[in-house]
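*Asks:* Dropping the structure in here first, questions after.
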């Protein structure tokens, strides 16, 4: 499974990552960059002390490989 990881700098200078599990795998860098800019300009993501997504820093796809050791879930 591929995950799209969007990294932003928050208003307090901390890095924050938004992980999207069901994002299209065919997005261009320009499309993702513009979407991140739009998210940052909305200032919709905040907690009590910080706006979480202020400056887009990076975007990347991360692929997770699962290697099962055993699965007894069907044995019942």
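In the numbering used here, the protein residues as written are 13 to 88.
C-beta: ideal position from N, C-alpha, C; glycine also.
(1) Could you name each continuous alpha helix (DSSP H) segment of 4 residues or more that falls completely within the segment 15 to 72, going from the start of the chain to the end?
(2) Identify whether residue 79 lies in helix, strand or coil by the three-state DSSP scheme.
(3) Tell me whether the segment 19 to 34 and the segment 57 to 76 touch, counting them as touching only if at least three CB pairs, one residue from each stretch, are closer than 8 Å.
(4) Across the segment 72 to 79 and the segment 46 to 56, are there enough close Cβ pairs to call them in contact, namely three or more that are closer than 8 Å?
(5) Using a Cβ-Cβ distance cut-off of 7 Å, determine whether residue 83 contacts chain B.
*Replies:* Concretely, from the data shown:
(1) 41 to 54
(2) The answer is coil: DSSP assigns residue 79 none of H, G, I, E or B.
(3) yes
(4) no
(5) Absent from the structure: chain B. Only one protein chain is present.
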